[in-house]
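Student: Pasting in a structure now, in structure tokens, and then I'll have a few things to ask.
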Amino acid sequence: MTELYEDRGHVPFGPAAGAINGCIEEEMEAKIIDVARSYGRRKIKWGSTSWAGGLGNSGRTYHHNEITGITVNAMGLPNIGHPRAKKFQKKMQPVVEEYGMSLVPSFSPGVGEDPFTVLPDMAYGFVEAGATEIEVNLSCPNKLEEGGKAVEPVLGHDLDASFEIAEKVLETVGPGITVDFKEPPMLGEKKVLIEDVADRFIMLGGVFVKNKIIVVPFNTIGNQSVLDEWGEPALSVGEKGINVGGASGVAFAKMARAGLAKFRTSLPPETGITSSVGAADGAEVYLRVDEMGADDAEGVTIFWENERKGISFGETITRVAEQYFEIKVRHEEQSP
9 MTELYEDRGH VPFGPAAGAI NGCIEEEMEA KIIDVARSYG RRKIKWGSTS WAGGLGNSGR
69 TYHHNEITGI TVNAMGLPNI GHPRAKKFQK KMQPVVEEYG MSLVPSFSPG VGEDPFTVLP
129 DMAYGFVEAG ATEIEVNLSC PNKLEEGGKA VEPVLGHDLD ASFEIAEKVL ETVGPGITVD
189 FKEPPMLGEK KVLIEDVADR FIMLGGVFVK NKIIVVPFNT IGNQSVLDEW GEPALSVGEK
249 GINVGGASGV AFAKMARAGL AKFRTSLPPE TGITSSVGAA DGAEVYLRVD EMGADDAEGV
309 TIFWENERKG ISFGETITRV AEQYFEIKVR HEEQSP
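By the count of my numbering, the sequence shown reaches residue 344 at its end, each step adding exactly one.
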């Protein structure tokens, strides 16, 4: 960054879960070190990982439409699995700490895995490996009841189930651990859930007073069928060539801001908020953090798309930091 901004610290921005992930540990390690050397927020998220791991889906599983700003993916969570992930966390944690940062593993149930079992178990495993902050992905499939159905298909929309798991995770990791809870999008008829979710986080914080709780609204919008710039199916997943995936990107920045505003007014200051989806430049980070009250912001598309152009994760953060601090300085100079 330019000398004007170097002494101002770190920009409250970094890669969200999904940006640093996959089955090749060497690639994840290189990205983590690159981010650690940057001016990003004081933590680096990686994952999500599941219990058993897997190679993910085949076919065309990712597309970013630069015209509409919509990103869609159906990668199927390619990841190294929990046993390897624990070892990776233990290896990389001290490396990241040398740069004054923490390494935050994000984890989610894989296909057929019981979230009531694997989420607390993975939380324990990562804390045992040295993590001081973890992210629990509640934007995942719910446990199936008898008859093969769930109360809600998405775990985070089933408040009784998701907060039973949240409580079990906090009990499992013990005091002093920061726990991020990534929520699914709450749109349409699900908007009414936001206040109930906030109330339950308040109650949870009242019980686990020695833990920092951070809410992360939102994950990608699931089950979306999107067209590319030429009006063709954006995805072709598996042998059947299915065009369905999770949508995100700058096109959904307004949705993300609305969710942030609702949660920030509903939650006490001690409950943190990380604003995800559509944060792709310094102006958006400034808006969400300095004006709307998020602790920090994060993204995926900006890192992936810049990487395709030969721009590293660390350089992406540096560019966002320059934009962010330029706006911040200008606002400070204009303040009375």
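We put the CB at the ideal spot given by N, CA and C, even for glycine. None of the values given here were measured: they were computed from a predicted structure.
Alpha carbon to alpha carbon, how far is PRO128 from ILE142? Give it in angstroms, no decimals.
Tutor: Distance between the alpha carbons of ILE142 and PRO128 is about 11 angstroms.
Student: State the DSSP-derived secondary structure class of THR282, mapped to helix, strand or coil.
Tutor: THR282: strand per DSSP, three-state reduction.
Student: Sorted by chain position, which residues of the same chain lie with C-beta nearer than 8 angstroms to PHE311's C-beta, five sequence neighbours on each side aside?
Tutor: Correct list, in chain order: PRO23, ALA27, PHE321, THR324.
Student: Taking 8 angstroms as the limit between beta carbons, can you name the residues of its chain near TYR132, skipping five residues before and five after?
Tutor: Within the same chain, TYR132 has close Cβ partners THR180, VAL181.
Student: Determine the extent of the alpha helix (DSSP H) in which THR79 is found, giving its start and end residues.
Tutor: From DSSP, THR79 is part of no alpha helix (DSSP H) but of the beta strand (DSSP E) over 78–81.
Student: Give me the DSSP bridge partner(s) of ARG296.
Tutor: Partner(s): none; ARG296 has no beta bridge.
Student: Given VAL19, which residues of its chain have a CB within under 8 angstroms of its CB, disregarding the five upstream and five downstream residues?
Tutor: The residues are TYR47, GLY48, ARG49, GLY290, VAL293, ILE325, VAL328, ALA329, TYR332, PHE333.
Student: Smallest Cα separation from LEU268: which of SER256, VAL224, SER244?
Tutor: With distances taken between Cα atoms, LEU268 lies closest to VAL224.
Student: For the 8 angstroms Cβ check, are there 3 or more pairs between the region 281–289 and the region 98–106?
Tutor: Not touching, per the Cβ criterion.
Student: Can you have a look at ILE75 and say buried or exposed, based on whether 16 or more other CB atoms are within 10 angstroms of its CB?
Tutor: Under this definition ILE75 is an exposed residue.
Student: Just how far apart, CA to CA, sit GLU191 and SER170?
Tutor: Approximately 10 angstroms, taken between the alpha carbons.
Student: If you follow the alpha helix (DSSP H) that PRO183 is part of, which residue opens it and which one closes it?
Tutor: Per DSSP, PRO183 belongs to no alpha helix (DSSP H) and is neither H nor E.
Student: Does the pairing of the region 206–221 with the region 53–61 give three or more beta-carbon distances under 8 angstroms?
Tutor: No: fewer than three Cβ pairs fall under 8 angstroms.
Student: I'd like the list of long-range same chain contacts for GLY17, defined as Cβ closer than 6 angstroms, with 5 residues on each side in sequence excluded.
Tutor: Here the set comprises nothing.
Student: Along the beta strand (DSSP E) that carries PHE115, what are the first and last residues, could you check?
Tutor: That run of the beta strand (DSSP E) goes 110–115.
Student: To the nearest angstrom, how far is the alpha carbon of LEU12 from that of LEU63?
Tutor: Confidence is the limiting factor: at LEU12 the pLDDT is only 47, short of 50, which leaves the residue's position unreliable and the question unanswerable from this model.
Student: Buried or exposed for GLN97, please, with buried defined as at least 16 other CB atoms from any protein chain shown within 10 angstroms of its CB.
Tutor: GLN97 should be labelled buried.
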